[in-house]
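Novice: For what it's worth, our numbering labels the leading residue of the sequence shown as 60, then goes sequentially.
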Amino acid sequence: MTDSPPARPTTWRHRHHRLLLATAFLATALVFGTGGVLIGRQFGVHVITLKPTEDAVCRDWPWPANDGDGQAVRPAVHPQAPDHSPTIELIAGKATDGKFATWARITNAAFGDRVWLDVSTDSARSWTQCGPFPVTTSTGTSRAHETGPNMLFRACGDVPTPAPNARGEMCTNW
Numbered sequence: 060m061t062d063s064p065p066a067r068p069t070t071w072r073h074r075h076h077r078l079l080l081a082t083a084f085l086a087t088a089l090v091f092g093t094g095g096v097l098i099g100r101q102f103g104v105h106v107i108t109l110k111p112t113e114d115a116v117c118r119d120w121p122w123p124a125n126d127g128d129g130q131a132v133r134p135a136v137h138p139q140a141p142d143h144s145p146t147i148e149l150i151a152g153k154a155t156d157g158k159f160a161t162w163a164r165i166t167n168a169a170f171g172d173r174v175w176l177d178v179s180t181d182s183a184r185s186w187t188q189c190g191p192f193p194v195t196t197s198t199g200t201s202r203a204h205e206t207g208p209n210m211l212f213r214a215c216g217d218v219p220t221p222a223p224n225a226r227g228e229m230c231t232n233w
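1. Hey, V174 and G199: beta-carbon distance below 8 Å or not?
2. Rank A183, R118, A169, V136 by C-alpha distance to the C-alpha of R202 and give the top, closest one.
3. What's the call for V178, buried or exposed, on a 16-neighbour Cβ count within 10 Å?
4. Below 8 Å, how does it come out for the region 129-149 and the region 215-230: are there three or more Cβ pairs, yes or no?
5. How do the region 153-173 and the region 182-199 stand: do at least 3 beta-carbon pairs fall below 8 Å, yes or no?
6. Does the Cβ of D217 have 16 or more other Cβ atoms within 10 Å, making it buried, or fewer, making it exposed?
7. Tell whether a beta-carbon distance below 8 Å holds between T180 and N209.
8. When you compare each of F84, A163, A88 to R133 by their alpha carbons, which one comes out closest?
9. Taking DSSP's pairing of strands, which residues face H137 in a bridge?
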């Protein structure tokens with residue numbers, strides 16, 4: 060007859076080992092997570108939330124034809140970033156639907172710059188904004204809007220981090 064080894068006493072600690080580990084992990088995460096948030100606030104660290112890339116109102120508008128070729132119809136504006144100064148222009152030309160249209164264009168841009176088009180039918184007392192459209196290359200455009208009587212347009216754009224004492228968001232004249 061073989062003798063079996065004596066049974067180990069089962070303590071509460073042995074029975075709930077996994078529960079203890081999970082509780083220790085959660086407590087550690089809570090302490091360090093809260094500390095990180097408090098330190099981030101102390102040093103002015105801000106979480107960047109991206110704005111929508113376009114409004115539902117212009118989702119069905121055409122894009123500029125021929126990679127955005129057209130003529131500038133207002134003087135350009137130049138928001139200032141620490142490392143670059145993009146050019147925002149109001150452009151008129153043909154859209155992909157073949158109609159004469161107006162759109163906003165940004166050039167000399169950097170990743171994160173944005174461009175949008177404002178359209179007004181009441182002498183700029185109110186307007187519809189189409190965009191902003193984030194830029195991932197050195198050039199970007201908004202969607203295009205067919206021109207018509209009593210319509211005013213302006214092109215706008217911004218840089219995510221403006222240069223000190225400079226404007227980071229600018230619009231052309233109507």
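For glycine and all other residues, C-beta sits at the position ideal for the given N, C-alpha and C. All figures in this text were calculated on a predicted structure; none of them were measured in a lab.
Specialist: Checking against the coordinates, here is how it stands:
1. yes
2. R118
3. buried
4. yes
5. yes
6. buried
7. yes
8. A163
9. In the DSSP output, where bridge partners are listed per residue, H137 has none listed.
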